[in-house]
Structure formats: C-alpha cells, structure tokens
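Just so you know, we're using our numbering here: the sequence shown kicks off at 27 and counts up by one. Backbone N, C-alpha and C define an ideal beta-carbon position, used for all residues, glycine too. Take a look at the structure set out below.
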Amino acid sequence: MINTGVYNYIDVLDKAADASWIRNEVINNNISNNDTPGFKRQDVQFDDILAREIRSVQYRDLDDAVAGVNLNRVTGRVYTDSVSFSYRIDGNNVDMDTENVELASNQIKYNALIESVSQEFARLKSVIK
Numbered sequence: 027m028i029n030t031g032v033y034n035y036i037d038v039l040d041k042a043a044d045a046s047w048i049r050n051e052v053i054n055n056n057i058s059n060n061d062t063p064g065f066k067r068q069d070v071q072f073d074d075i076l077a078r079e080i081r082s083v084q085y086r087d088l089d090d091a092v093a094g095v096n097l098n099r100v101t102g103r104v105y106t107d108s109v110s111f112s113y114r115i116d117g118n119n120v121d122m123d124t125e126n127v128e129l130a131s132n133q134i135k136y137n138a139l140i141e142s143v144s145q146e147f148a149r150l151k152s153v154i155k
C-alpha cells in the first residue's frame with residue numbers, strides 16, 4: 027500500500043467537524059439546563075489540543091505538520107466550565123445570551139468545516155479525472 031498522505035487534511039477537518047458537532051450538543055444541553063439549580067455549563071476543548079499536537083511535531087510546512095499529527099490524541103474533550111463560579115443565586119452559571127451566541131458561532135464553524143471537507147474531495151476528484 028502506498029502511503030501518500032492525501033487524506034491528511036480531510037482527517038484533521040473530520041476531527042474538527044466531530045468536535046464541533048459535540049460542541050453543538052453540549053451547548054444545546056447548556057441551554058436546556060438553564061433553569062436547573064446548580065447546573066454548571068460545559069464546553070468542548072479541541073483547538074488547544076490540535077495546536078499542542080502540531081507544536082509537538084517537527085515540521086517545515088503545514089503539510090508536514092498535518093501529516094505528523096497523531097490523530098488518536100486529537101479529539102474534542104468535554105469539560106465543565108468555571109465549576110466554582112456562578113453569578114446566580116441558584117448556583118447555575120449558564121448565560122442564555124452567551125450560549126446562543128456560541129451556538130450560532132459554532133454552527134457557522136461546523137458548516138465551514140463540512141464545506142472544506144467537500145472541497146477537498148472535489149479537488150481529489152478533479153485530480154483523478
């Protein structure tokens with residue numbers, strides 16, 4: 027089998043889209059629990075994990091960096107945000123305005139990632155022709 031690395035960008039974009047999808051679910055869960063006393067908002071960490079993995083690779087250019095990333099370690103991780111912080115009397119730290127902005131922003135990001143994957147496949151298709 028020939029290892030060309032032709033799917034490296036697609037694999038990274040796929041991981042980013044997965045993390046964005048999970049973030050969408052987490053934000054929707056935050057919104058659903060807006061009135062739950064003591065609930066602490068959650069979020070998904072991905073960009074920092076990907077950046078750390080890229081920094082750990084010796085590379086000359088972005089192609090080398092993407093090829094050298096261990097994608098098994100690059101996944102979206104859910105974490106509880108500001109566990110001890112709450113500006114509300116009931117202990118809940120969900121702010122609906124913030125969550126709605128984050129949801130809209132994340133949906134735009136997800137759509138852009140899916141479009142990028144589609145464009146990568148279109149490029150591959152044009153090369154194969």
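For residue i, three-class secondary structure by DSSP
{"i": "residue 136", "result": "helix"}
{"i": "residue 155", "result": "coil"}
{"i": "residue 33", "result": "coil"}
Given residue i as reference, the closest of the options once Cα atoms are compared
{"i": "residue 102", "options": "131, 46, 36", "result": "46"}
{"i": "residue 65", "options": "135, 149, 132, 106", "result": "106"}
{"i": "residue 26", "options": "36, 55, 138", "result": "Look at the range of the chain in this structure, 27 to 155, and you will see that residue 26 is not part of it."}
ask   = Along the chain, which unbroken stretches of the alpha helix (DSSP H) at least 4 residues long are found entirely within the region 59 to 134?
value = The qualifying runs are 73 to 81, 88 to 94.
ask   = Any chance the region 37 to 55 sits against the region 66 to 76, with 3 or more Cβ pairs inside 8 Å?
value = yes
message = Assess contact between the region 134 to 152 and the region 80 to 87, defined as three or more Cβ pairs (one per stretch) separated by less than 8 Å. Is contact present?
response = no
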